[in-house]
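Asks: Take this structure first; my questions come after.
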Amino acid sequence: MFDELRASAPSAEAALAENDHEVKTHADEAEAERAGDVHMAEVEIDRARLEEIEQAIARLASGRYGICEDCANEIPRARLLARPTAIRCTACQTAAEARRRH
Ligand SMILES: [Zn+2]
């Protein structure tokens, strides 16, 4: 009888441990889902900026990096530091974004 109890004890422990694990797994899954949502949002932002980033890289390669796409003036260094993918000076970027909205 005792032997039987002793024999079943480890499996009961294992079942408890398994249950703990399952609860933890569900929590992890929920966490992963939330992280997935955040990741999707990041992808959306990235997609919107991808063209700008690619242009910045192309401009870097062709030596035109830091020159405004629209007015050909130098983009202020502070702006480039704040936004390395900027392809326009602040004034032209504002105008371009206003055009895109209309
Ligand atoms: Zn400009």
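Every position in the sequence shown, counted from 1, becomes a number in this note's numbering once 454 is added. By construction, the Cβ of each residue, glycine as well, lies at the ideal position given by its N, Cα and C atoms. On a predicted model such as this, the values are computed, not experimentally measured, just so you know.
1) Quick check: what's the CA-CA separation for Asp491 versus Leu504?
2) Give every residue whose Cβ lies closer than 6 Å to any heavy atom of ligand 1, listed in chain order.
3) Identify whether Glu528 lies in helix, strand or coil by the three-state DSSP scheme.
4) Determine whether the beta carbon atoms of Asp411 and Ala540 lie at a separation below 8 Å.
5) Find the nearest neighbour of Pro530 within the set Cys543, Ala495, Ser516, judged by alpha-carbon distance.
6) Give the range of the alpha helix (DSSP H) segment to which Arg554 is assigned.
7) Relative to the C-alpha of Cys546, which residue among Pro538, Ala532, Asn527 is closest?
Replies: Per the coordinate set shown:
1) If you take the alpha carbons of Asp491 and Leu504, they lie about 19 Å apart.
2) Proximity annotation: ligand 1 has residues Cys522, Asp524, Cys525, Asn527, Arg542, Cys543, Ala545, Cys546 in chain order, each selected because its CB is closer than 6 Å to a heavy atom of the ligand.
3) Residue state, collapsed to three classes: strand.
4) For the chain, the structure presents residues 455 to 556; residue 411 sits outside this window and is missing.
5) Of the listed residues, the one whose Cα sits closest to Pro530 is Cys543.
6) Residues 544–555.
7) Taking only the C-alpha atoms, the option nearest Cys546 is Asn527.
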